[in-house]
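Reviewing the structure listed below.
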Amino acid sequence: MTTERVSRSVLADSGLGVETPTISAARPVGSRIERWAGNVFILPAVLVVLFLSIFPLFLSLSLSLSRLKFVKGGFEINFVGLANYHKLLFGSEQDHFVGVIASPSPLGWAFFLGIVAFLVWWLVRYIRTGGYGVVSLVGRVLTAVLLSLLAWLLAHTLSPGGRPGTVVVTLLYVFIGIAVQYALGLLLAVLTTQRLPARRFFRVVFLLPMMITPVGIAYTFRMMTDTDKGPFQPIWQALGLGLYSWVNDPWGARAAVIISDIWQWTPFMFIVLLAALEGQSVELMEAALVDGANRWQVFWHITLPQILPVSTTLILIRMIEAFKIVDLPNVLTNGGPGTATESMTLHAFIAWRTLDLGGSAAIAYMLLFMVTFLSMSYVNILRRRVVEA
Amino acid sequence: MVIRNIFRRRSPVALSFLEMAISYLILIIWTGVVLFPLYWLLVTSFKLPIDVNMGPFYLPFIDFQPSLHAWEYILVGDLANDTRRNYFNTVVVAPTSAILALLLGTAAAYGLTRFEYRPRLGIILSFLGALVVVVFAIVLGAPWQIAIPAGVALFIILLQTVARRFQRTLKNSDIAFWLISQRMLPPVAVVIPIYVLFQRLGLLDTHAALIITYLAVNLPIVVWLMRDYFQTIPVELEECAAIDGASRYRIFWSIVLPLAVPGLVATFLFVLVFAWNEYLLALFLSGAKSQTLPLTVAAQNATRGPQWWYMSVLILIMIVPVIAIAIALERYIARGLLVGAIKG
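So the protein sequences, as listed, match chains A and B.
Read left to right, the first sequence gives residues 220 to 608 (the working numbering).
Read left to right, the second sequence gives residues 969 to 1312 (the working numbering).
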């Protein structure tokens, strides 16, 4: 039930939930092949996805519940229940996956309590509007509880003394990356829609980073961040930092990964926002300007509401993609120093390389769970705002 | 004419000189941010190893003497055969999978906007139940020759008994959501089973394995973007054609597809770039024969340390075709992506 409800809202958000017009009435039923047209259109796609997503997904699930053991002349797979998950969340892999937990600084507490306060306000407002079903209420309470849990995790692992595990690092990549990409993409798109000469040149140039393979970008940025032989070495020298390599610092390394990600994916934000800005009505804007509104007011009250629907879908797409980040940390920092820059996908990949197939599948499942849950919550929380705006 | 357009303030939207200067400044800074790493790749590709290791040199002919050694090594020297083979692999795999994804995904998106589907929940649940049983049986050691017929039998029994009780049906939006949600699947969650699957089928290290996998990964995004697009195309034209006696396939092929060209082009570019640059799945599924270019790039990080000069050449020859296509199709991209959400 919950998924169905959420599904509708996802679709409504991305403009998918529109009434479907049919042309069946216009035409008497013809030959058999004509009657089957609907199925002919959709079945190939459904079958491909079924065999290459659903079937492997079940196989992965069963792998995540088992342990691979090498025996003479091959290997055997033993069912171990939830042991792999237990190991990640509470057992020997906890430091690596979840992180080291320490009591948060005042800022951490403020962050955590702020999130909780927002979620409580969101729930209370929902309950007070009335007209809700039991299932959707339970779904929302669950959303609020799990989001608070994530906020708790962030506050506790990012405090001094704590150390973020791969879950937290992935979340940082996704949220910091997307926020900066969106802001930059919007700024560039706004500037490029002005009537400037040579704007086509800028458009093409801004598109370039998206076209480069992430592996290539990772190596390129490894050159860029090299403080000895990289192009910024003179600046480094001038600042008196000498050969201090900022990529060997955990936060420096994470920043390097995020910077490369921003460099690569700002173009995607840019190009879609550009289309959205060009699609908005100019008359409204001009009318407001004639009435004496300043540029900032026009942007805030007229442009932003018009591009809000696109923005939600755009951020959703990027969020889904960003969670899969692996090439950049793998090549740029090799996950290090230590495990400081490992994303969840990289963690799963490393587990696979050490032949811990069950553990690898369990990490992948946790990632899948997190992506699905966060996308749904995002859609659920934001839909109201979009409707009201 | 152009000059007059620049200096005349035609509407209140036009910019003052100061605003224009600031705009240009920001745009030029970002252009520098984008182009500088690419410039560095270019100069590195002409450097001798000693030029790279001596510290940063910026300008060819002034700071260092450019050399073609890396280009020779990659294009005509020792690595030429590998490069040619892997380039060929990429050229086969990426466009083929992109076109197939576009074909199947567009058809499904069209179906989802113009037909009503009512698959019965009971049938789907029976099918999934049977599938789970089969998968678990195989994992726990049952031979597949027995497990699969047993699963089919179980499916038929469930259909005749339990499924009849469930009269609930799914709607188009449910199917669309299910298809789109497959994009949330992290590749790492499915790559091991896919590896095993292709191994059993004897397709490991072939073009087919990569094409099929990329097709499955890209289908959801095609359905998502094209469904948005079809919803902006008015249905009246199709109704007219239907009254005139055109079949549904004909309507789709000669009326709907031509109208959807901007969306098709933008979506094609998106999935092509993904397949062209994909690394993780290729790493699992291809061996020596079907390697694609991202793997060749990564392979230059040899035991002697990263061979920056070779890498730069490879990255450059890899991005040239994509950039050429992107420049040629640039005007479609803005019009095509997410247009449904823009209008809606």
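We put the beta carbon where it would ideally sit given N, CA and C, even for glycine.
These numbers come from a predicted model, not from an experiment.
Taking 7 Å as the cut-off, the Cβ atoms of VAL466(A) and ALA457(A) do not count as close. In the three-state reduction of the DSSP assignment, GLY327(A) falls in the helix class, which pools H, G and I. Within chain A, the residues placing a beta-carbon under 9 Å from that of GLY1073(B) are ALA264, ordered along the chain. When rounded, the separation of the alpha-carbon atoms in ILE477(A) and GLY459(A) is 25 Å.
By the Cβ criterion, the region 1065-1073 of chain B is in contact with the region 1236-1254 of chain B, since at least three pairs of Cβ atoms, one from each stretch, lie closer than 8 Å. Contiguous alpha helix (DSSP H) elements confined to the region 255-284 of chain A occur at 256-268 and 274-283, taking only those with 4 or more residues.
Just measuring C-alpha positions, the residue of THR1074(B), GLY1023(B) and VAL1100(B) sitting nearest VAL1191(B) is THR1074(B). Chain-ordered listing is empty here: chain B has no CB closer than 7 Å to the CB of GLN400(A), the nearest sitting near 13 Å. Its chain contains MET538, ALA541 and PHE542 as the residues whose beta carbon lies nearer than 7 Å to that of VAL393(A), once the 5 sequence neighbours on both sides are disregarded; these appear in chain order.
Taken in chain order, the complete beta strand (DSSP E) segments of 3 or more residues contained in the region 1215-1251 of chain B number zero; there are none.
Comparing alpha carbon positions, the residue from VAL1001(B), GLU1298(B) and ALA1118(B) closest to GLY1231(B) is GLU1298(B). Residue VAL423(A) holds the alpha-carbon nearest to the alpha-carbon of ALA408(A) among ILE395(A), GLY396(A) and VAL423(A). About 11 Å separates the beta carbons of GLY577(A) and LEU301(A), which is beyond the 8 Å limit, so they are not a contact pair.
Closest in C-alpha terms to LEU1122(B), from the list LYS1139(B), LEU1043(B) and VAL1100(B), comes VAL1100(B). Here DSSP, grouped into helix, strand and coil, assigns ARG286(A) to strand. Around the beta carbon of PRO1161(B), 16 or more other beta carbons lie within 10 angstroms, which makes this residue buried. DSSP lists PRO1028(B) as the bridge partner or partners of PHE1032(B). Residue pairing by DSSP puts THR1137(B) in a beta bridge opposite ARG1088(B). Only those residues of the region 567-594 of chain A whose C-beta falls short of 9 Å from the nearest C-beta of chain B are listed: ALA567, PHE568, TRP571, LEU576, SER579, ALA580, ILE582, ALA583, TYR584, LEU586, LEU587, VAL590, THR591 and SER594. Within the model, the alpha-carbon separation for ALA256(A) versus TYR1217(B) is close to 7 Å.
Annotation: the region 447-478 of chain A contains the following complete segments of the alpha helix (DSSP H) (minimum length 4 residues), in chain order: 452-457. Straight-line measurement puts the Cα of ASN1186(B) at about 21 Å from the Cα of PHE1056(B). Annotation: the continuous alpha helix (DSSP H) that includes PHE1123(B) extends over 1112-1128. Looking at the DSSP output, PHE487(A) sits in no beta bridge, so it has no partner there. DSSP, read as helix, strand or coil, puts GLY555(A) in coil. Around the CB of GLY1000(B), fewer than 16 other CB atoms lie within 10 Å, so the residue is classed as exposed.
In this structure GLY384(A) is not in contact with ASP445(A), their Cβ atoms being roughly 28 Å apart against a cut-off of 8 Å. If you keep only unbroken alpha helix (DSSP H) runs of at least 4 residues inside the region 1163-1222 of chain B, you get 1175-1198, 1204-1211 and 1216-1219. The C-beta of ALA1270(B) comes no closer than 7 Å to any C-beta of chain A. Cβ neighbours of VAL529(A) within its own chain (closer than 6 Å, five residues either side excluded): ALA495.
For GLY358(A), no chain B residue has a C-beta closer than 9 Å to its own C-beta; the minimum C-beta separation is roughly 15 Å.
Residue range 353-376 is occupied by the alpha helix (DSSP H) that includes TRP371(A). At a C-beta separation below 7 Å, PRO1063(B) has no neighbours in chain A, since its nearest C-beta there lies roughly 15 Å away.
Taking all protein chains shown into account, PHE298(A) has fewer than 16 neighbouring C-beta atoms within 10 Å of its C-beta and is therefore exposed. Contact between the region 500-518 of chain A and the region 411-423 of chain A is not established, with fewer than three Cβ pairs separated by less than 8 Å.
About 18 Å separates the Cβ atoms of PRO486(A) and MET443(A), ruling out a contact at the 8 Å cut-off.
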